[in-house]
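Taking it in order: structure first as structure tokens, then the write-up.
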Amino acid sequence: MPGPPEAGYGQIVIRFLARVLIVGLAGVAAAFGLYQVSVQPGAALVHAVFQKNQQVHPPSGFTATEATVTETRVPIQAPGAPAAAIDVYRPRASATAPRPVILWVHGGGFLASNAAQFGDWGVLLAHQGYVVALLDYSLAPQTHYPAPVRQANAALAWLSQHARQFGGGPARMAVGGDSAGAQIASQLAAVESNPQLAAAMRLTPGLPPARLRAVVLYCGLYDMSTVGGTGFPALRTYLWAYTGTRNWLAYPQIGQLSTTRQATSAYPPTYLTVGDRDPFRTQAAELAGVLRARGVPVTTLFWHGQGLGHEYQFDFRYRQAGTSFQQTLAFLDQRLRGTGADG
Amino acid sequence: MAEVRDTETTTRPRRRWRLLRGIGWLVFFLVVASVSYVVLVMGGH
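As you go down the protein sequences, you meet chains A and B in turn.
In terms of our numbering, the first sequence opens at residue 1 and continues consecutively.
In terms of our numbering, the second sequence opens at residue 1001 and continues consecutively.
As structure tokens, this is what we get:
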């Protein structure tokens, strides 16, 4: 009996391509399914990318700068949130007057990075005569909103009570942050100056009124209703992980995260900077406009035609990072070392 | 006996080839799924 006819080369190629197409589509479908079902793999992926990258490229001569600063780690107990910690950087040299205190909240999409990765930043600020506390807050998706805000508020309260033991003056305090940390810091400043937000979050502000004198915000997100339009990479993963809600826009407390909504005329003077190629540049411009409209003093450093990306402020290989640093210091100097009683 | 030996010598390489092909398709599937997932995560907003 004759066997089945041999398949021609054309048929073999078509059969192979069909299999490639079917298996490829199955791969895409599997990825899409996983993307819809769980935030964990995406969060782990972004976390791995952040943990690999160095967050700060300090300027030349940093080793000598580092030698002038000392560091202490302090645990922070925050009501209604897991325990956190602050790394406190301060100049080794003693001062005749209490030093202003800065609480810095690091970025990392709410789900990555830590205070140690921003240690060089703490050194750079402390070298300028500040007591700098870098907050190590709980990360998403293991811990959700509002834990980091609670922890930041508890850190402010702790610093207010204990800054003196580090040579700090609790009457001259500032908060700052970058990227997701800028969102947390901006919301913290809103909590300290907007009693309605504090009440809605069931938080007692960590500082007495007017103690928080300045806010420094680098490349953050401040309006949840418009941030989706920025096209920022992996934004959905960050906000799903942080809020614990896949459709984060439907998260019941999402309005609390919009500093553009929560900032009142009592919001502290604010310094804002963002790179001109950073997708969050519109967020910074929006917040600056809102704050100015409410009569809040705002200092901005926005760029045009420079090609500066997200977190340019920490890469001192670019001269613009040096400019940003100098302007940040000038702002802090004006707001924290100006007239007024010290604590 | 000679016939049985002939059958064994022809099916073994066929099975190995089929296994290798299966592994190849699985690797292809995983690569496509991984790349798609990374694109979805990084592009998601």
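Think of the CB as a built atom: it goes at the ideal place given N, C-alpha and C, for glycine as much as any other residue.
Quantities reported herein were computed from a predicted structural model and do not represent experimental measurements.
Contact with chain B by residue i, beta-carbon distance below 8 angstroms
i, result
"A341/A", "With a pLDDT of only 41 at A341/A, under the threshold of 50, the placement of this residue in the model should not be trusted, and no figure is reported."
"A250/A", "no"
"T237/A", "yes"
"F32/A", "yes"
"A182/A", "no"
"G108/A", "no"
"L45/A", "yes"
"M1/A", "Unreliable placement is indicated for M1/A, whose pLDDT of 46 sits below 50; the coordinate value is still reported in the next sentence. Closer than 8 angstroms: no."
Spatial neighbours of residue i in its chain, beta-carbon cut-off 8 angstroms, leaving aside the 5 residues before and after
i, result
"M1001/B", "In this predicted model, M1001/B has a pLDDT of only 49, less than 50, meaning its place in the structure is not dependable; the value taken from the coordinates is given anyway. For M1001/B, where only same-chain residues beyond five positions count, there are no Cβ hits under 8 angstroms."
"V1035/B", "none"
"D342/A", "Low confidence applies here, because D342/A scores a pLDDT of 42, under 50, leaving its location unreliable; read the following figure in that light. Same-chain partners within the cutoff: A97, P98, G169, A171, R172."
"S160/A", "P170, M173, G206, L207, P208, R211"
Short CB-CB distance (under 8 angstroms) between residue i and chain A
i, result
"W1025/B", "yes"
"V1032/B", "yes"
"L1019/B", "no"
Neighbouring residues, chain A, relative to residue i (Cβ below 7 angstroms)
i, result
"G1022/B", "Residues of chain A passing the Cβ test: none, with the nearest at roughly 11 angstroms."
Chain-ordered chain B contacts of residue i [CB-CB under 8 angstroms]
i, result
"L221/A", "The premise fails here: L221/A is roughly 11 angstroms from chain B at the closest Cβ pair, so nothing lies under 8 angstroms."
"D35/A", "Before going further, note that residue 35/A is Tyr rather than Asp in the sequence given. Neighbours of Y35/A on chain B, chain order: Y1037, L1040, V1041, G1044."
"L111/A", "Correct list: empty, because the minimum Cβ distance to chain B is about 12 angstroms."
"V23/A", "W1025, F1028, F1029, V1032"
Cβ-based neighbour list, residue i, same chain, cut-off 7 angstroms, excluding 5 preceding and 5 following
i, result
"R277/A", "G307, L308, G309"
"Q351/A", "No statement about residue 351/A is possible, as the shown extent of chain A runs from 1 to 343 and does not include it."
Residues that residue i contacts on chain B, provided the C-beta gap is smaller than 9 angstroms
i, result
"P233/A", "V1041, M1042, G1043, G1044, H1045"
"A26/A", "F1029, V1032, A1033"
Residue(s) in a DSSP beta bridge with residue i
i, result
"D87/A", "R73/A, L134/A"
"L271/A", "Just to set this straight, residue 271/A is Tyr in the shown sequence, not Leu. Its beta-bridge partners are V216/A, T299/A."
"D276/A", "None, per the DSSP bridge assignment."
"W104/A", "L134/A, G176/A"
"R99/A", "G168/A"
"D223/A", "For D223/A, which the question treats as bridged, DSSP gives no partner whatsoever."
Own chain residues within Cβ distance below 6 angstroms of residue i, not counting five before or after
i, result
"A185/A", "V105, V175, G176, G177"
"G305/A", "none"
Chain-ordered chain B contacts of residue i [CB-CB under 7 angstroms]
i, result
"G42/A", "V1041"
**Request:** For the stretch 58 to 70 of chain A and the stretch 82 to 92 of chain A, state whether three or more C-beta atom pairs, one from each stretch, are separated by less than 8 angstroms.
**Result:** A contact between stretches requires three or more CB pairs, one per stretch, nearer than 8 angstroms, and the stretch 58 to 70 of chain A meets this requirement with the stretch 82 to 92 of chain A.
**Prompt:** Is the stretch 144 to 154 of chain A close to the stretch 214 to 224 of chain A, with three or more CB pairs under 8 angstroms?
**Reply:** Counting Cβ pairs under 8 angstroms, fewer than three are found: no touch.
**Request:** Report yes or no: do three or more beta-carbon pairs, one from the stretch 152 to 171 of chain A and one from the stretch 204 to 211 of chain A, lie closer than 8 angstroms?
**Result:** Below 8 angstroms, enough C-beta pairs join the stretch 152 to 171 of chain A and the stretch 204 to 211 of chain A to call them touching: three or more.
**Prompt:** When the Cβ atoms of the stretch 234 to 241 of chain A are set against those of the stretch 284 to 301 of chain A, are three or more pairs found closer than 8 angstroms?
**Reply:** Judged by pairs of C-beta atoms under 8 angstroms, the stretch 234 to 241 of chain A does not touch the stretch 284 to 301 of chain A, as fewer than three such pairs exist.
**Request:** Indicate whether the contact test is met: 3 or more Cβ pairs, each with one atom in the stretch 241 to 248 of chain A and one in the stretch 274 to 290 of chain A, closer than 8 angstroms.
**Result:** Taking one beta carbon from each stretch, the stretch 241 to 248 of chain A and the stretch 274 to 290 of chain A have fewer than 3 pairs nearer than 8 angstroms; the two do not touch.
**Prompt:** How do the stretch 72 to 88 of chain A and the stretch 117 to 136 of chain A stand: do at least 3 beta-carbon pairs fall below 8 angstroms, yes or no?
**Reply:** With three or more CB-CB distances shorter than 8 angstroms, the stretch 72 to 88 of chain A counts as touching the stretch 117 to 136 of chain A.
**Request:** Count the C-beta pairs between the stretch 113 to 131 of chain A and the stretch 16 to 23 of chain A that are closer than 8 angstroms, then say yes if the count reaches three, no if not.
**Result:** Too few Cβ pairs lie closer than 8 angstroms, so no.
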